[in-house]
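A.B. asks:
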């Protein structure tokens with residue numbers, strides 16, 4: 076039973092900081108959105 080208590084103590088002490096999620100660069104996604112918007116506007120105009 077002492078082993079379980081020691082294991083629980085170790086778990087309590089072993090607090091790791093959660094790794095921060097990497098930042099996502101939104102510029103390429105915005106560029107793609109405008110490119111697709113422009114393409115579909117031109118494609119429907121000429122159709």
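In my numbering, the protein residues as written are 76 to 122. Backbone N, C-alpha and C define an ideal beta-carbon position, used for all residues, glycine too.
#1: Counting only runs of 4+ residues fully inside the stretch 94 to 119, write out the alpha helix (DSSP H) ranges in chain order.
#2: Please report the distance separating the alpha-carbon of residue 116 from that of residue 107.
#3: Closest to residue 101 by C-alpha separation, out of 109, 120 and 114, would be which residue?
#4: Hey, how far is the Cα of residue 96 from the Cα of residue 120?
C.D. replies: From the atom records:
#1: Within the stretch 94 to 119, not a single complete alpha helix (DSSP H) segment reaches 4 residues in length.
#2: Against the chain shown, residue 116 aligns to sequence position 41. Against the chain shown, residue 107 aligns to sequence position 32. Distance between the alpha carbons of residue 116 and residue 107: 14 Å.
#3: By 1-based counting over the chain shown, the position of residue 101 is 26. It is 109 whose Cα lies nearest to the Cα of residue 101.
#4: Counting from one through the chain shown, the residue named residue 96 turns up at place 21. Counting from one through the chain shown, the residue named residue 120 turns up at place 45. Spanning the two alpha carbons is a distance of roughly 42 Å.
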